[in-house]
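Here's the structure we're looking at; comments come further down.
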Amino acid sequence: MPSGHRQDGRDRLDRVRGAFAGLAAGDAAGWPAARHRSALLAGWARRLHRELDAFAEERQVTTLPVPFALNQPVAPLAVGPSDDAEWLAWTALTIRENRAEAFGRLAGRDDFRARISVWAALDNLAAGKLPPASGHDNPHHFDDAAAVRAVAFGAAGLDPLEDACVTNAEDGVLGAVATARAVAALTDGAPMADAVEAALGALPPDTAIGHAAREALAAARAAGSPFAAVPALDAAVLDHVYSYGVAAAQTVPIALALADAAVTSARRTPGVERVAVERPGVEEFGAERPGVERVGVERPGVERVGVERPGVERVGAEAFGAGVSAAACLAPVADSAPALTGALLGCAAGYDALPAAWRERVRTLAGCCLPELAGADLLDIAGRLA
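Its first residue numbered 1, the sequence shown is counted upward by one per residue in UniProt numbering.
Below you can see the structure in the form of structure tokens.
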């Protein structure tokens, strides 16, 4: 799915790795990541967590329990990627295979964790029901499991339709196609605005996901920044009546809207890239307001200056952090909206532009959903697609 933009191999690799690391960082940033990673703890520890949760409910206690590691290694509960990153990696590793056959090899296993749509599809495949029926005759055909996997297809410039139809239908498939088109455009060097338009082209306005995407974009653009858009997106997209927050008609529109808002709000002057120049001087705090004294601190500092570099839109760590953090604020969809937002912004920024601490933290998979991926290097897997 070419976008018309050309990138050399080195830049393309940076963007593909950025998409994977960005998804993993967003995956890690959402509160459900600790729940997923706690699957690596002893079963009795998870049982105690459930009992404490019940205690809080029964006793009307506002001190809520969090996943904890009692008398066992705490590493699983460190900030890190969880389900979305592992399923993205699995997809990348099997991307050249027949999709029904790749999923079919999972049928009969009981040592991995997956979305309801995936489990239902595996049951269908085991019963001889092939795609697209395996995705359509599925109680969670509308979820975003295929959209998460579609990041790999977009990065590879491939159509995700065959893969999506194994586990999803309707909005679930449309969300996957839209995600892949956006990632493919960004991987080829397109600006975020073009990537968003490419995604919208896959989302007919008369569908739930298409309507929600346009409403989300309008709400975020009116708000002006990702964090400012959080209340507006909550009102425009989230209905708060369903028990699971993984509907593609909610998470994909939110990801598109927040990625678009993050890039737009970070763009101070068209054609100007902000770079750091070492210059000893006075760092000042405080705005120019009556009654506010500006305080100077004498220390060597870094002054941000504008340098004209026309032609290529580059997204920095600031925009990435703003978009992913805002997505994580939307608690009902924090399982995958931050991951999808991170994939888009990470692809636009490139791996090298992401915060160094996050780059290191998210590259090693824990195996909390697919045990065979424990210790796998996500960046090495991403590099095979570039």
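Yeah, the Cβ is synthetic: ideal placement off N, Cα and C, and Gly gets one too.
D377 sits in a strand when the DSSP states are folded into three classes. With fewer than 16 other beta carbons inside 10 angstroms of its own, N98 counts as exposed. For A339, the three-state secondary structure derived from DSSP is helix. When secondary structure is reduced to three states using DSSP, D171 falls in the helix class.
Around the beta carbon of N124, a 10 Å sphere encloses 16 or more other beta carbons of the protein chains shown; the residue is thus reported as buried.
In this structure the segment 168-180 does not touch the segment 362-377; the number of beta carbon pairs closer than 8 Å is below three. As computed with DSSP, A356 is found in no beta bridge at all.
Residue range 145-156 is occupied by the alpha helix (DSSP H) that includes F153. In the DSSP assignment, the residues bridged to A247 are D143. Beta-carbon to beta-carbon, A199 and L256 are separated by about 6 Å, close enough to satisfy the 8 Å threshold. Boundaries of the alpha helix (DSSP H) harbouring E57: 43-59, taken from the DSSP string. In the three-state DSSP reduction, T91 falls in the helix class (H, G or I). DSSP places L125 inside the alpha helix (DSSP H), whose first and last residues are 116-126.
Following the DSSP letters along the chain, one finds S134 inside the alpha helix (DSSP H) bounded by residues 133-136. Your pair L203 and L174 checks out as a contact, with CB atoms roughly 6 Å apart and the cut at 8 Å.
Assignment of beta-bridge partners to T364 by DSSP yields D377. Burial of Q250 is indicated by the presence of at least 16 other C-beta atoms within 10 angstroms of its C-beta. Taking 8 Å as the cut-off, the beta carbon of P67 is found no closer than this to the beta carbon of L52. Sixteen is the threshold: when 16 or more other Cβ atoms of the shown chains lie within 10 Å of the Cβ of A147, as they do, the residue is buried.
Beta-carbon to beta-carbon, V246 and T167 are separated by about 12 Å, too far to satisfy the 8 Å threshold. CA-CA distance, S265 to P226, rounds to 8 Å.
By the criterion of a C-beta distance shorter than 6 Å, V263 is surrounded in its chain by M192, V315, A319, once the five residues flanking it on both sides are discounted.
Check the Cα spacing between P338 and each of A169, G383, A126, A85: the tightest is with A85. By the criterion of a C-beta distance shorter than 7 Å, P332 is surrounded in its chain by L238, H240, G245, once the five residues flanking it on both sides are discounted.
Taking C-alpha positions only, E215 is separated from G26 by approximately 23 Å. In this structure, the beta-carbon distance from Y351 to R17 falls below 8 Å. Here the segment 346-361 makes no contact with the segment 38-55; the two share fewer than three CB pairs at distances below 8 Å. Burial of A150 is indicated by the presence of at least 16 other C-beta atoms within 10 angstroms of its C-beta. It is roughly 16 Å from the alpha-carbon of A164 to the alpha-carbon of A89. A distance below 8 Å separates the beta carbons of L378 and L365. No Cβ-Cβ contact shorter than 8 Å links L217 with L330. In this model, I209 and D171 are separated by some 6 Å (Cα to Cα).
When secondary structure is reduced to three states using DSSP, L203 falls in the coil class, being assigned neither helix nor strand. Distances from the alpha-carbon of A190 to those of C347, D111, A236, L340 put C347 closest. If you look at G18, you'll find it in the alpha helix (DSSP H) that goes 9-29. Sequence-distant Cβ neighbours of P131 in its own chain, meaning closer than 6 Å and more than five residues away, are A100, C165, V166.
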